[in-house]
Every structure is written in C-alpha cells, then in structure tokens.
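2 protein chains.
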Amino acid sequence: MISDTQQISAILRQFHFLQEADEDFREIFFKHATLSRIDAPQPICDQGTQCSHLALVLEGTARVYKLGENGREITLYRIGPGESCILTASCIISGKPFPAFAICETPIEALVIHTAEVKRWTNQFTVWRNYMFTLISDRLGDVISVVEEIAFRRVDRRLASYLLQRGTSTGDDDIKITHQAIASDLGTSREVVSRILKDFEHQGLISVARGFVRLNDAQGLAEKTHEN
Amino acid sequence: MISDTQQISAILRQFHFLQEADEDFREIFFKHATLSRIDAPQPICDQGTQCSHLALVLEGTARVYKLGENGREITLYRIGPGESCILTASCIISGKPFPAFAICETPIEALVIHTAEVKRWTNQFTVWRNYMFTLISDRLGDVISVVEEIAFRRVDRRLASYLLQRGTSTGDDDIKITHQAIASDLGTSREVVSRILKDFEHQGLISVARGFVRLNDAQGLAEKTHEN
DNA sequence: GGAATCTCTGTGACAATGTCACATACACCC
DNA sequence: GGGTGTATGTGACATTGTCACAGAGATTCC
Numbered sequence: 001m002i003s004d005t006q007q008i009s010a011i012l013r014q015f016h017f018l019q020e021a022d023e024d025f026r027e028i029f030f031k032h033a034t035l036s037r038i039d040a041p042q043p044i045c046d047q048g049t050q051c052s053h054l055a056l057v058l059e060g061t062a063r064v065y066k067l068g069e070n071g072r073e074i075t076l077y078r079i080g081p082g083e084s085c086i087l088t089a090s091c092i093i094s095g096k097p098f099p100a101f102a103i104c105e106t107p108i109e110a111l112v113i114h115t116a117e118v119k120r121w122t123n124q125f126t127v128w129r130n131y132m133f134t135l136i137s138d139r140l141g142d143v144i145s146v147v148e149e150i151a152f153r154r155v156d157r158r159l160a161s162y163l164l165q166r167g168t169s170t171g172d173d174d175i176k177i178t179h180q181a182i183a184s185d186l187g188t189s190r191e192v193v194s195r196i197l198k199d200f201e202h203q204g205l206i207s208v209a210r211g212f213v214r215l216n217d218a219q220g221l222a223e224k225t226h227e228n
Numbered sequence: 229m230i231s232d233t234q235q236i237s238a239i240l241r242q243f244h245f246l247q248e249a250d251e252d253f254r255e256i257f258f259k260h261a262t263l264s265r266i267d268a269p270q271p272i273c274d275q276g277t278q279c280s281h282l283a284l285v286l287e288g289t290a291r292v293y294k295l296g297e298n299g300r301e302i303t304l305y306r307i308g309p310g311e312s313c314i315l316t317a318s319c320i321i322s323g324k325p326f327p328a329f330a331i332c333e334t335p336i337e338a339l340v341i342h343t344a345e346v347k348r349w350t351n352q353f354t355v356w357r358n359y360m361f362t363l364i365s366d367r368l369g370d371v372i373s374v375v376e377e378i379a380f381r382r383v384d385r386r387l388a389s390y391l392l393q394r395g396t397s398t399g400d401d402d403i404k405i406t407h408q409a410i411a412s413d414l415g416t417s418r419e420v421v422s423r424i425l426k427d428f429e430h431q432g433l434i435s436v437a438r439g440f441v442r443l444n445d446a447q448g449l450a451e452k453t454h455e456n
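Protein chains in written order, with our numbering: chain A, 1 to 228; chain E, 229 to 456.
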C-alpha cells in the first residue's frame with residue numbers, strides 16, 4: 001500500500017502507463033503495490049524457480065543472464081528504472097519456471113506486486129495489459145538482438161560498441177569495470193577481452209588499468225565497431 | 229469467413245484455445261478468419277516490414293531466422309501446425325517492425341486474421357489474450373535457448389543433437405538436407421558442418437551423401453551431444 | 001550421348017576465438 | 001612488511017570461422 005503523495009507522483013513519472021490509467025486502476029495499483037529495497041549484489045531470481053512477485057524498478061539496475069556449463073555467462077538484458085522484469089511476468093502468465101538468473105547490480109528500489117494481482121489486472125485492465133505486452137515484446141526484441149550479436153559479430157567490434165555505450169551512458173570516459181565483468185556481458189571469456197583491450201590500448205584508443213578502462217579516442221573506437 | 233463444418237472441427241482440433249472458448253468468441257473468430265495457402269519456398273515477412281495480418285498455421289512449417297552481414301543465417305524458431313507467428317503478434321501489439329525474416333519451408337495452409345481484429349480480440353476476450361501471452365512467452369523461451377546454445381555449446385555437440393532431433397521428428401533415419409541448410413539452422417558456416425559430418429562418418433555414426441544424411445548409430449550420436 | 005551449367009561437397013591455409021595452466025601485479029588487511 | 005585475495009598477462013593449443021578454389025553429382029539443352 002502506497003499513500004505518500006510525493007512518492008506517488010515520482011512513480012507516475014517513471015511509469016508512463018500509469019499516467020494513462022483511470023483513477024479506478026491507479027487506486028487498485030497503489031493499494032496492492034509494496035515498496036521494497038534490495039541491496040546489491042544479490043541474486044533475485046534463480047534459474048528454474050517459480051516467481052511469486054513482479055518487480056517494477058524505480059531505482060537501480062538488475063542484470064538477467066544465462067550461465068553456461070563451463071561457468072561462462074552472457075547478459076540477456078538489463079532492467080533499469082521504469083522497467084520491469086518481464087521474464088518474471090512471462091513466467092507468471094505461462095506458469096513456467098524462470099529460464100535464467102537475475103542479479104541485483106546496484107541497490108534496487110522497486111514496487112513489488114503479487115502474482116495473483118498481476119494475473120487479475122492482466123484480465124481486467126487494458127492499460128496494464130498493454131504495458132505487459134509491450135514489455136514482453138521489447139524483451140523478445142532485446143534477446144533477438146543478442147542472438148544476432150553473438151552469432152554474427154566479431155568480438156572486437158562488439159567490445160568496441162560495448163565500451164562506447166558504457167562510456168556515453170555514464171557520461172564519463174572512465175569506465176569502472178573488470179575484464180571478467182565485460183566478458184560476462186558479452187558472453188565470451190576473460191582472456192579474450194584482455195587480449196583485445198590490450199590491442200586497443202596499443203593503438204592508443206583506450207588506457208587500461210586494474211578495474212577500469214579509459215576511452216582516449218572515441219572516434220577511433222567507433223570505427224572499430226563496423227570494420228577492421 | 230469459415231463455415232464448412234468439417235473444416236471447423238479440424239481447426240478446433242489444432243487450436244486448443246478455441247475449444248475452451250465460448251460460442252460468442254468462436255463465432256467472431258470464424259467470421260473474421262480467412263483460409264489462405266502459401267506455396268513454398270517463399271518469403272513471408274521481411275525484416276523491417278510492418279505486419280498487417282496474423283497467421284495461425286494449420287498445415288506446413290515456416291522458419292523465422294536472422295540474417296548476418298556476411299550472409300550467414302541462424303534459425304530463431306520454427307512455426308508448425310497449431311502454432312502462430314508470435315513475432316507478428318508482438319509487432320502488431322507494439323507497432324514495431326518485424327525484426328527478422330520468415331520464410332515458408334513447405335506449402336502452408338493458415339488462418340489469416342487482420343491486425344485490427346487481433347488487437348480488438350486481445351482487449352475483449354480472455355481466451356484469446358491468454359493464447360497470445362502464452363505464444364509470446366514460449367517464443368521468448370525459445371530464443372533464450374538459442375542464445376544459450378550458440379553462446380556455450382560446441383558446434384559438434386549441437387550438430388549431433390540437431391541430427392538426432394531431425395531423425396526422430398521424421399521417424400526416419402534418413403534426413404534429406406544439405407550441409408548449407410544445417411549450417412543456416414545452427415548459425416554456423418557450411419564448411420564447419422561438412423567437416424564435422426565427415427568426422428561423424430569416419431566414426432561410423434552416420435553416412436553422408438549429396439543432399440542427405442543417414443543415422444547409423446543413434447546411440448553413439450547421443451553420446452556426442454554431451455561430452456567428447 | 002555429350003557439353004554446358006547448376007548446386008553441393010571437399011580441402012588446405014590461415015584468422016579469430018575459446019580453453020587451460022600458470023605467472024605476475026595490484027589492493028587490502030593485519 | 002608480509003600474507004591473502006582479486007585482477008590481469010601470457011603462451012600453447014583446440015575449436016571455429018573465412019576464403020579461395022577444386023571436384024563431384026545433377027540438370028538442361030542440343
């Protein structure tokens with residue numbers, strides 16, 4: 001139950017579908033939503049488990065990933081403010097177990113809604129239903145993009161894209177991350193990442209140090225993303 | 229508009245959700261559904277196009293795949309009898325362009341429903357809505373499996389699994405397929421497939437000839453799927 | 001029948017990527 | 001300062017992808 005006016009208006013700003021909702025639905029929504037905090041780093045969903053709640057993220061990010069037999073990982077997508085773990089939703093609706101792992105990357109503040117409500121609203125409210133459909137469609141698109149990336153693009157180009165994206169998203173040219181973490185995002189191994197980073201460094205595009213990467217020549221890096 | 233009683237009962241047998249539907253929805257469904265035939269091989273949806281119809285497949289199969297810059301392909305999933313192109317549905321709902329290619333593999337007989345109806349039913353009928361959600365969830369699961377496969381499993385093991393599956397699905401030990409087609413399904417290149425098939429042949433597991441593969445030792449092939 | 005022309009498969013060389021074992025370097029704690 | 005983690009570097013080798021081109025069936029056309 002959420003009643004703080006300030007909180008409610010903050011939530012409305014994040015979740016666009018609530019703005020379009022009528023009073024009826026909003027009332028029910030805030031009545032059943034619970035504000036919850038999760039500390040990072042911490043697993044949220046484990047592969048093969050059933051989901052009992054849906055989380056709408058207000059603050060912080062979570063990472064949804066697959067784990068390979070050999071211990072390698074690959075990130076399927078991230079969930080940030082204004083988004084929601086649709087895989088959870090998908091599991092709720094289809095009743096299937098969660099097919100991946102989800103982990104809290106930064107402390108998360110989220111609205112938590114019980115499975116039963118999610119189901120009820122899906123049948124009852126068009127606004128909510130559309131929100132759910134859009135989420136699932138978007139994630140399907142995300143995952144298809146991941147397939148495309150790993151199936152067809154060379155690792156060095158993907159790494160270049162990755163660094164640029166990480167750089168601009170933080171607004172900074174210093175990226176605080178380990179080689180292992182990059183490898184886990186891209187679905188490759190640490191050694192490969194180290195090798196390519198060293199290459200980029202020799203070419204003067206970046207500087208690497210323990211735990212971070214600095215972009216020196218974003219322009220040059222951008223060229224690496226498409227052709228050799 | 230579909231009115232032939234025989235046809236209707238055949239359709240009911242294929243699409244489980246229609247059996248659970250009330251008379252109301254069924255009537256509307258058959259009123260707006262059109263029976264359509266597509267000859268193979270023929271592209272159905274092209275990447276980047278908008279979808280104007282949703283197809284529920286009665287007979288035949290279609291393949292949904294991604295195309296890489298270098299001309300390589302990878303199959304995301306197939307659509308068979310009783311299924312439907314959910315990517316289309318997803319696009320219809322989110323209004324986004326189709327993010328892949330779809331092609332007719334065998335002659336297809338399908339029920340075609342216009343976008344407007346799909347949207348209307350989704351808001352109006354619980355049965356239909358659930359059908360749509362289940363489809364999207366299932367496909368999301370399929371695509372996630374593809375990610376797992378290409379990210380973590382070795383090609384030889386995937387190929388062994390592929391052959392076994394192809395074999396049992398036809399009920400025959402002779403699989404009529406070219407190396408290129410296998411490569412396109414697995415998202416690798418023809419040369420790699422040829423190499424591994426030759427390996428398998430030397431080990432007495434299969435026989436290969438122009439345009440087909442014969443399984444000689446399914447047991448041995450099954451062992452190849454998990455460990456060296 | 002035989003030549004021309006497809007499509008399909010085979011092959012070797014090499015580049016890119018993944019794996020393994022182990023060395024080295026840095027950070028932090030006591 | 002030494003010990004203990006964690007992060008990175010490196011070389012050897014296996015797997016996979018790419019390229020260029022060679023043959024081997026199949027088909028068509030004369």
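Cβ coordinates follow ideal geometry from the N, Cα and C atoms, glycine included.
As the structure is a computational prediction, the values presented were derived from the model and not from experiment.
Practice problem: Could you say if the stretch 100-115 of chain A and the stretch 293-307 of chain E meet the contact criterion of at least three C-beta pairs nearer than 8 Å? | Solution: Segments in contact, no.
Self-check item: Backbone CA spacing between Cys45(A) and Ile272(E) [nearest angstrom]
Solution: Sequence index remark: in the first sequence, residue 45(A) carries index 45 (1-based). Sequence index remark: in the second sequence, residue 272(E) carries index 44 (1-based). Rounded to whole angstroms, Cys45(A) to Ile272(E) spans 38 Å at the Cα level.
Quiz item: Taking Cβ positions only, does Thr362(E) come closer than 9 Å to chain A?
Solution: One-based indexing of the second sequence puts residue 362(E) at position 134. By the rule that beta-carbons nearer than 9 Å mark a contact, Thr362(E) touches chain A.
Self-check item: Residues, ordered as in the chain, of the stretch 206-227 of chain A that lie near chain E by beta-carbon distance below 8 Å
Solution: Within the stretch 206-227 of chain A, no residue qualifies.
Quiz item: Looking only at C-alpha atoms, which of Gly60(A), Asp173(A) and Leu159(A) sits nearest to Gln180(A)?
Solution: By one-based count along the first sequence, residue 180(A) stands at place 180. Of the candidates Gly60(A), Asp173(A) and Leu159(A), the one whose C-alpha sits nearest the C-alpha of Gln180(A) is Leu159(A).
Practice problem: List the residues of chain A that Thr277(E) touches, going by C-beta distances under 9 Å, in chain order. | Solution: Within the second sequence, residue 277(E) is the residue found at index 49, counting from 1. What Thr277(E) touches in chain A, judged by beta-carbon distance under 9 Å, is nothing: the nearest beta carbon there is about 15 Å away.
Quiz item: Name the chain A residues that come within less than 7 Å of Gly415(E), Cβ to Cβ?
Solution: As a working note, residue 415(E) is residue 187 in the second sequence. Taking a Cβ-Cβ threshold of 7 Å, the residues of chain A close to Gly415(E) are Ala151, in chain order.
Quiz item: Based on the DSSP secondary-structure assignment, which residues constitute the bridge partners of Ala437(E)?
Solution: For this step, residue 437(E) is matched to residue 209 along the second sequence. Ala437(E) is bridged by DSSP to Phe440(E).
Quiz item: Looking at the C-beta of Ser280(E), does it have a partner C-beta in chain A at a distance below 9 Å?
Solution: Stepping through the second sequence from its first residue, residue 280(E) is reached at position 52. No - not a single Cβ of chain A is within 9 Å of the one on Ser280(E).
Exercise. Confirm, please, whether the CB-CB distance from Tyr359(E) to Phe243(E) is below 9 Å.
Key: Taking the first residue of the second sequence as 1, we reach residue 243(E) at position 15. Taking the first residue of the second sequence as 1, we reach residue 359(E) at position 131. Contact: yes.
Quiz item: Out of curiosity, what's the CA-to-CA distance linking Ser145(A) and Ser137(A)?
Solution: Position 145 of the first sequence, counting from 1, holds the residue named residue 145(A). Position 137 of the first sequence, counting from 1, holds the residue named residue 137(A). Looking at the backbone, the Cα of Ser145(A) and that of Ser137(A) are separated by about 12 Å.
Quiz prompt | Assigned secondary structure, Ser3(A) (DSSP; H/G/I helix, E/B strand, else coil) | solution = Taking the first residue of the first sequence as position 1, residue 3(A) is located at position 3. It is coil, neither helix nor strand.
Self-check item: Cβ distance (whole Å) where Val355(E) is taken to contact Phe253(E) below 8 Å
Solution: As a working mapping, residue 355(E) is identified with position 127 in the second sequence. As a working mapping, residue 253(E) is identified with position 25 in the second sequence. About 6 Å separates the CB atoms of Val355(E) and Phe253(E); that is less than 8 Å, so the two are in contact.
Self-check item: Coil, strand or helix - Ser280(E) by DSSP
Solution: For the purposes of this step, residue 280(E) is identified with residue 52 of the second sequence, where counting begins at 1. DSSP places Ser280(E) outside both helix and strand once states are collapsed to three, so it counts as coil.
Self-check item: Ile108(A), DSSP secondary structure in three states
Solution: Translated into positions along the first sequence, residue 108(A) becomes position 108. The three-state secondary structure of Ile108(A), taken from DSSP, is strand.
Self-check item: Tyr293(E) versus Ile403(E) - alpha carbon distance
Solution: Translated into the one-based positions of the second sequence, residue 293(E) becomes position 65. Translated into the one-based positions of the second sequence, residue 403(E) becomes position 175. Cα-Cα distance, rounded: 21 Å.
Practice problem: Under 8 Å between beta-carbons, which chain A residues line up against Lys294(E)? List them in chain order, please. | Solution: Within the second sequence, numbered from 1, the residue matching residue 294(E) stands at position 66. Going along chain A in sequence order, the residues near Lys294(E) (Cβ under 8 Å) are Ile144, Val147, Glu148, Ala151 and Phe152.
Quiz item: Between Val57(A) and Ala10(A), which are expected to be in contact by the criterion C-beta below 8 Å, what is the C-beta distance as a whole number of angstroms?
Solution: For the purposes of this step, residue 57(A) is taken as residue 57 along the first sequence, with counting starting at 1. For the purposes of this step, residue 10(A) is taken as residue 10 along the first sequence, with counting starting at 1. The beta-carbon distance between Val57(A) and Ala10(A), rounded to whole angstroms, is 13 Å. This is too long to meet the 8 Å contact definition.
Quiz item: Does any residue of chain A bring its CB to less than 9 Å from the CB of Cys319(E)?
Solution: Counting from one through the second sequence, the residue named residue 319(E) turns up at place 91. Contact with chain A is found for Cys319(E), since one of that chain's Cβ atoms lies less than 9 Å from the residue's Cβ.
Quiz item: Fully enclosed by the stretch 117-168 of chain A, which alpha helix (DSSP H) runs are 4 residues long or longer?
Solution: With a minimum length of 4 residues, the continuous alpha helix (DSSP H) runs that stay inside the stretch 117-168 of chain A are 126-152.
Quiz item: Residues bridged to Phe329(E) by DSSP?
Solution: Position 101 of the second sequence, counted from the first residue, corresponds to residue 329(E). According to the DSSP secondary-structure assignment, Phe329(E) is paired through a beta bridge with Tyr293(E).
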